[in-house]
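Student:
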Amino acid sequence: VPKTTEVVRGAVVNIVLKADQRTGRQVSGTVRDVLTRGDHHRGIKVRLTDGRIGRVQSMSTASSTSNNIISDGVVSGGASTSAAVPLEQTELSAYIVPSRRKGKNKNSPKQTDHPDGSAWVTCPVCGAFEGDETAVAHHVSEHF
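Here the sequence shown is numbered in our numbering, starting from -4 and rising by one per residue.
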């Protein structure tokens, strides 16, 4: 993470946008404003010339590009041709958060009851099929 002495107005940097913090995807651009007064362990917050805001992860070796995307060390994109901020493509899985268990038995496996009151049952013959009681009864009859 660069220091405040390196991150100055006009410097070309690689930043992580707030929306991309989970994925770590970096974009490259030219610094318009430095928003953090001192050094920060997660990176100095800056505003790029195209209006995007993020934390500086490294100094870019590319010269004056404002729309490059860095992913796994590969640079793609080109110079921005419009004043509008480009729409970013982010995988939906980056926003999925596992549910938190509250209360008693939060370390135990999830309950197997369904909202309609039916219990989740495993086939006593093969042990591979799971379903409600009616489905398992039908499945068991197919074994014989």
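All C-beta atoms in this analysis are idealised placements derived from N, C-alpha and C, irrespective of residue type, glycine included.
(1) For Thr107, is the classification buried or exposed, using 16 other Cβ atoms within 10 angstroms of its Cβ as the cut-off for buried?
(2) Residues in the same chain with beta-carbon distance under 6 Å from Gly49, minus the five sequence neighbours each way, listed in chain order, please.
(3) Does the separation of the CB atoms of Val(-4) and Gly24 fall below 9 Å?
(4) Hey, is Pro119 close to the ligand COA, as in C-beta under 8 Å from one of its heavy atoms?
(5) Measure the alpha-carbon distance for Phe124 versus Val131 and round it to whole angstroms.
(6) CA-CA distance, Gly5 and Asp34?
(7) Taking the alpha helix (DSSP H) that Val(-4) belongs to, which residues open and close that run?
(8) For Arg47, which option in His36, Met54 and Arg27 has the closest C-alpha, if you only look at C-alpha atoms?
(9) Per DSSP, what kind of secondary structure is Val131 in: helix, strand or coil?
(10) Alpha carbon to alpha carbon, what distance is there between Gln21 and Asp15?
(11) Is the beta carbon of His134 closer than 9 Å to that of Gly126?
Tutor: A quick look at the data gives this:
(1) If you number the sequence shown from 1, residue 107 lands on position 112. Low confidence applies to Thr107: its pLDDT is 48, below 50, so where it sits in the model is not reliable, and the reading given next is rough at best. The residue in question, Thr107, is exposed, as its Cβ has fewer than 16 Cβ neighbours within 10 Å.
(2) Walking along the sequence shown from the start, residue 49 turns up at place 54. Answer for Gly49: Ile10, Val11 and Leu12, listed in chain order.
(3) Position 1 of the sequence shown, counted from the first residue, corresponds to residue -4. Position 29 of the sequence shown, counted from the first residue, corresponds to residue 24. No; because the gap between Cβ atoms is not below 9 Å, this pair is not in contact.
(4) Summarising the ligand content, the structure contains no ligands, and the ligand COA is consequently not present.
(5) Numbered from 1 along the sequence shown, position 129 holds the residue referred to as residue 124. Numbered from 1 along the sequence shown, position 136 holds the residue referred to as residue 131. Their backbone Cα atoms lie some 7 Å apart in a straight line.
(6) Indexing the sequence shown from 1 puts residue 5 at position 10. Indexing the sequence shown from 1 puts residue 34 at position 39. Taking the straight line from one Cα to the other gives about 18 Å.
(7) On the sequence shown, residue -4 is found 1 positions in, with the first residue counted as 1. Segment: none, Val(-4) is in no alpha helix (DSSP H) and carries neither H nor E.
(8) Walking along the sequence shown from the start, residue 47 turns up at place 52. Out of His36, Met54 and Arg27, Arg27 has the C-alpha closest to the C-alpha of Arg47.
(9) Reading the sequence shown from its first residue, position 136 is the one you call residue 131. Helix.
(10) Numbered from its first residue, the sequence shown carries residue 15 at position 20. Numbered from its first residue, the sequence shown carries residue 21 at position 26. One C-alpha to the other measures close to 8 Å.
(11) Counting from 1 along the sequence shown, the entry for residue 126 is found at position 131. Counting from 1 along the sequence shown, the entry for residue 134 is found at position 139. The answer is yes: Cβ separation under 9 Å.
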